[in-house]
Amino acid sequence: MIGLQFIADTFQMEYKSVAEKIGVSKQTFQDWIKERRKIPTQRLQQLSELFGVNDVGLFQKELTESEKLDVQMFYFQKTDNVEDVEVPRIGEDGKVYLAKGTISQNQNVIDFLSERSREVRLLEDVERSITGQEPENEANKKTLSNVLQVFDSSGQDKKTLDMVLFYLTEYQKEDYWGGMPSQFSKYADKGFFEKFKALLKESGLSE
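If you read the sequence shown in this note's numbering, its first letter stands for residue -1, the second for the next number, and so on.
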């Protein structure tokens, strides 16, 4: 199934309706999803505008599982019903105040799909790194095997690896705003993350 078919199904749009909206016949649309004909550039742009999917390449390729999850997440974001509400908050003076907030009807589904997409994309990245005949693929297999052995342990090695992974995947991002996980706090106070950052820079592994 190519992306066009999956996207149309996800957005619950009949193929005939999609064809009519972009000015082609239903048979032409069927030829596209059956991959009998390529989708012209002009039509790709129309499909992008119709569904709000910016990456036109997604329409005429077989989607990965993470891309499918991203499409589903985008659908729920686009069709979300957000309401403005007033939420009671306790101020520093101990008094209760009403603060403006929002309630998203689809937020739980969006959060689930977002987290699942990250997990699946990680698995896809791992699979790409260990498949194939190149020498580095074999080295990656050995590295992954060693990492999994550490994860199966419960000692200090695993705690160190957890902190390194947290730094590489979350903490070092420019837009990171989350709080420090409690299990890492005492090590952060001792400068672990700043020292690790300096080590990467000194070793030429980061800018």
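Glycine included, each C-beta is placed from N, C-alpha and C at the ideal position.
When secondary structure is reduced to three states using DSSP, glutamate 132 falls in the coil class, being assigned neither helix nor strand. By the Cβ neighbour-count rule, serine 115 is buried, with 16 or more other Cβ atoms within 10 Å of its own.
In the three-state reduction of the DSSP assignment, glycine 50 falls in the coil class.
If the five residues before and after lysine 59 are omitted, its C-beta is found closer than 6 Å to the C-beta atoms of Gly1, all from its own chain and listed in chain order. Boundaries of the alpha helix (DSSP H) harbouring threonine 26: 24 to 31, taken from the DSSP string. Separation of lysine 24 and lysine 66 (C-alpha to C-alpha, rounded to the nearest whole angstrom) is 24 Å. An exposed status is given to leucine 197, since fewer than 16 other beta-carbon atoms sit within 10 Å of its beta-carbon. Counting other Cβ atoms within 10 Å of its Cβ, phenylalanine 110 stays below 16 and is therefore classed as exposed. For the set Lys140, Arg126, Glu81 and Glu132, the Cα lying nearest the Cα of asparagine 104 is the one of Glu81.
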